[in-house]
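For reference, the structure is listed below as structure tokens.
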Amino acid sequence: MNRLTLHYLRGVFKSQELGKHSLEMLREGFPLTSLFCGFVKYEVEDIEGVWMRTYGADCFGLPDFAAHAQGHHEGQKYSDIFNNVLRYLLESGAEMAAGHTMQVGKTTFMKTARSP
Numbered sequence: 001m002n003r004l005t006l007h008y009l010r011g012v013f014k015s016q017e018l019g020k021h022s023l024e025m026l027r028e029g030f031p032l033t034s035l036f037c038g039f040v041k042y043e044v045e046d047i048e049g050v051w052m053r054t055y056g057a058d059c060f061g062l063p064d065f066a067a068h069a070q071g072h073h074e075g076q077k078y079s080d081i082f083n084n085v086l087r088y089l090l091e092s093g094a095e096m097a098a099g100h101t102m103q104v105g106k107t108t109f110m111k112t113a114r115s116p
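This is the structure in structure tokens:
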């Protein structure tokens, strides 16, 4: 079984900056991490692997996530996971908090934690 630990992060944008039509744009089915929320990968000196994170999801009442991946080659995997989880939370109205676990694949589970 694979486990992913995702961390909540503070958003970069304020919801007021997007205006009242922000949720209408999301309903069109665009990938959240591609068009409306940011997805970035970055390396930290002296730390193996790559950090991948979202930003701006709080503008839509959603949490931002981060995960420590083995390398850049996992970028699409994490972008897809983040997008699918954000889309699920948006459409279902479900909420995630630190300590919650969600199945995101056949044998992959995501557990949330507060950012350090």
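Going by UniProt numbering, the sequence shown opens with residue 1, and the numbers climb by one from there. Beta carbons are placed, not taken as given, at the ideal position from N, Cα and C, and that holds for glycine.
(Q) At the level of alpha carbons, what is the spacing between histidine 72 and valine 44? (A) 13 angstroms
Q: Alpha carbon to alpha carbon, how far is alanine 113 from glycine 49? Give it in angstroms, no decimals.
A: 19 angstroms
Q.
Do glycine 38 and tyrosine 55 have their beta-carbon atoms positioned less than 7 angstroms apart in this structure?
A. yes
Q.
My output table needs one value for valine 40: the three-state DSSP class, helix, strand or coil.
A. strand
Q) Since alanine 69 sits in a beta bridge, which residues does DSSP pair it with? A) Val50
Q: Could you check if alanine 94 is buried or exposed, using at least 16 other CB atoms within 10 Å of its CB as the buried criterion?
A: exposed
Q. In this structure, does DSSP put alanine 113 in helix, strand or coil?
A. strand
Q. In or out: threonine 58 buried (at least 16 other Cβ within 10 Å) or exposed?
A. As written in the sequence, residue 58 is aspartate, which differs from the threonine given in the question. So aspartate 58 counts as buried.
Q. Where tyrosine 78 and aspartate 64 are concerned, what is the direct C-alpha to C-alpha distance, given to the nearest angstrom?
A. 13 angstroms
**Q.** C-alpha gap between alanine 67 and glycine 61, whole angstroms
**A.** 20 angstroms
**Q.** methionine 96 beta carbon less than 7 angstroms from that of valine 104
**A.** no
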